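Data block below; observations after.
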Amino acid sequence: MSRQDGGTPAAPEPHDGAAAAGAVPGARRGRPRSEGVERAVFDAVVLLLGEGLPLAELSIERIARTAGVGKATIYRRWAGKEELFVDLLRSLEAPDPVLTGASVRDDLVVLLESLRERGVAKRTSGLLHNVFAQMQLYPKLWNVYHLTVIEPRRRL
Numbered sequence: 005m006s007r008q009d010g011g012t013p014a015a016p017e018p019h020d021g022a023a024a025a026g027a028v029p030g031a032r033r034g035r036p037r038s039e040g041v042e043r044a045v046f047d048a049v050v051l052l053l054g055e056g057l058p059l060a061e062l063s064i065e066r067i068a069r070t071a072g073v074g075k076a077t078i079y080r081r082w083a084g085k086e087e088l089f090v091d092l093l094r095s096l097e098a099p100d101p102v103l104t105g106a107s108v109r110d111d112l113v114v115l116l117e118s119l120r121e122r123g124v125a126k127r128t129s130g131l132l133h134n135v136f137a138q139m140q141l142y143p144k145l146w147n148v149y150h151l152t153v154i155e156p157r158r159r160l
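Going by the working numbering, the letters in the sequence shown line up with residues 5 to 160, in that order.
Laid out in structure tokens, this is it:
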């Protein structure tokens with residue numbers, strides 16, 4: 005019976021939204037994250053830093069505008085600029101080369117080719133030149149850079 009009929013409103017039926025939708029327990033609700041959005045945000049940061057914009061002046065609003073996404077989209081993925089920069093840094097660093105140990109010469113060729121490829125990646129070198137001088141303002145970013153870039157190269 006409805007209110008229009010002069011009765012009391014019907015009580016809502018018990019409903020488990022996740023079970024009704026056939027969702028797996030523990031699964032995320034809502035639209036799945038798009039890797040294209042993450043790539044657009046990373047590309048926007050690289051572009052802005054490549055243009056010489058200092059880290060301190062880089063705002064989430066400007067990144068969002070350049071990437072063509074909303075600020076909320078960025079904040080759903082990262083708590084703030086520093087977390088975004090950390091993920092960007094990790095995404096830009098190439099994996100360490102696999103040294104087979106078959107011969108010193110072969111390992112040296114693989115290692116030198118890896119260093120050459122890293123040097124050729126001009127978009128990351130522009131970013132790092134801008135960011136490197138400012139990393140002291142972002143200790144978490146400096147720590148990740150050290151662990152992601154410096155330490156692995158020292159191990160080689």
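Every residue, glycine too, gets a C-beta built ideally from N, C-alpha and C. Remember, it's a predicted structure, so these values are computed and weren't measured experimentally.
So, using beta-carbon positions, are A44 and A76 closer together than 8 Å?
On the sequence shown, position 40 is the one that residue 44 refers to. On the sequence shown, position 72 is the one that residue 76 refers to. The Cβ atoms of A44 and A76 do not sit closer than 8 Å to each other.
Hey, is the stretch 57-68 in contact with the stretch 94-113, meaning 3+ C-beta pairs nearer than 8 Å?
Contact between the stretch 57-68 and the stretch 94-113 is absent, because fewer than three Cβ pairs lie under 8 Å.
Which of the three DSSP states is assigned to P143 in this structure?
Along the sequence shown, read from residue 1 onward, the residue named residue 143 stands at position 139. In the three-state scheme derived from DSSP, where H, G and I count as helix and E and B as strand, P143 is classed as helix.
Decide if the stretch 76-89 is in contact with the stretch 108-117; the criterion is three or more beta carbon pairs, one per stretch, under 8 Å apart.
With a cut-off of 8 Å, the stretch 108-117 and the stretch 76-89 do not count as touching, because too few Cβ pairs lie within range.
Supposed contact pair E42 and R81 - C-beta distance, whole angstroms, cut 8 Å
For this step, residue 81 is matched to residue 77 along the sequence shown. For this step, residue 42 is matched to residue 38 along the sequence shown. Confirmed, Cβ separation roughly 7 Å.
So what does DSSP say about V148, is it helix, strand or coil?
Against the sequence shown, residue 148 aligns to sequence position 144. When secondary structure is reduced to three states using DSSP, V148 falls in the helix class.
Note the first and the last residue of the continuous alpha helix (DSSP H) segment covering G54.
On the sequence shown, residue 54 is found 50 positions in, with the first residue counted as 1. It spans 39-54 - the alpha helix (DSSP H) in which G54 sits, taken as one unbroken run.
In this structure, does DSSP put A83 in helix, strand or coil?
Stepping through the sequence shown from its first residue, residue 83 is reached at position 79. A83 falls in the coil class under three-state DSSP.
DSSP three-state call for G26: helix, strand or coil?
The residue given as residue 26 occupies position 22 in the sequence shown. Residue confidence is low: G26 scores 47 on pLDDT, short of 50, so the model does not pin down where it sits. No coordinate-derived value is stated.
State yes or no: is the C-beta of V49 within less than 8 Å of the C-beta of L88?
On the sequence shown, residue 49 is found 45 positions in, with the first residue counted as 1. On the sequence shown, residue 88 is found 84 positions in, with the first residue counted as 1. Against a cut-off of 8 Å, the Cβ pair of L88 and V49 comes out as a contact.
What is the rounded straight-line gap between the Cα of L96 and the Cα of L119?
To locate residue 96, count along the sequence shown from 1; it is residue 92. To locate residue 119, count along the sequence shown from 1; it is residue 115. Computed Cα separation, rounded: 14 Å.
If contacts are defined as beta-carbon pairs under 8 Å, then L141 and L93 qualify, I think. What distance do you get, rounded to the angstrom?
For this step, residue 141 is matched to residue 137 along the sequence shown. For this step, residue 93 is matched to residue 89 along the sequence shown. Under the criterion of beta carbons closer than 8 Å, L141 and L93 do not qualify as touching, at roughly 14 Å.
Exposed or buried, what is I67 when buried is set at 16 or more other beta-carbons lying within 10 Å of its beta-carbon?
For the purposes of this step, residue 67 is taken as the residue at position 63 of the sequence shown. When all chains shown are included, I67 counts as buried.
Buried or exposed: which applies to Q52, given that a residue is buried once 16 or more other Cβ atoms fall within 10 Å of its Cβ?
Here residue 52 refers to the residue found at position 48 of the sequence shown. A quick correction: the sequence has Leu, not Gln, at residue 52. Buried, since its Cβ has 16 or more Cβ neighbours within 10 Å.
Excluding the 5 residues preceding and the 5 following V153 in the sequence, name in chain order all residues of the same chain whose CB lies nearer than 6 Å to its CB.
Here residue 153 refers to the residue found at position 149 when the sequence shown is read from its first residue. So the qualifying residues of the chain are E97.
Got a sec? Which residues, its chain only, sit under 7 Å from G26 by beta carbon, not counting five neighbours each side?
If you number the sequence shown from 1, residue 26 lands on position 22. Any reading at G26 is ruled out, since the residue's pLDDT is 47, under 50, leaving its predicted position unreliable.
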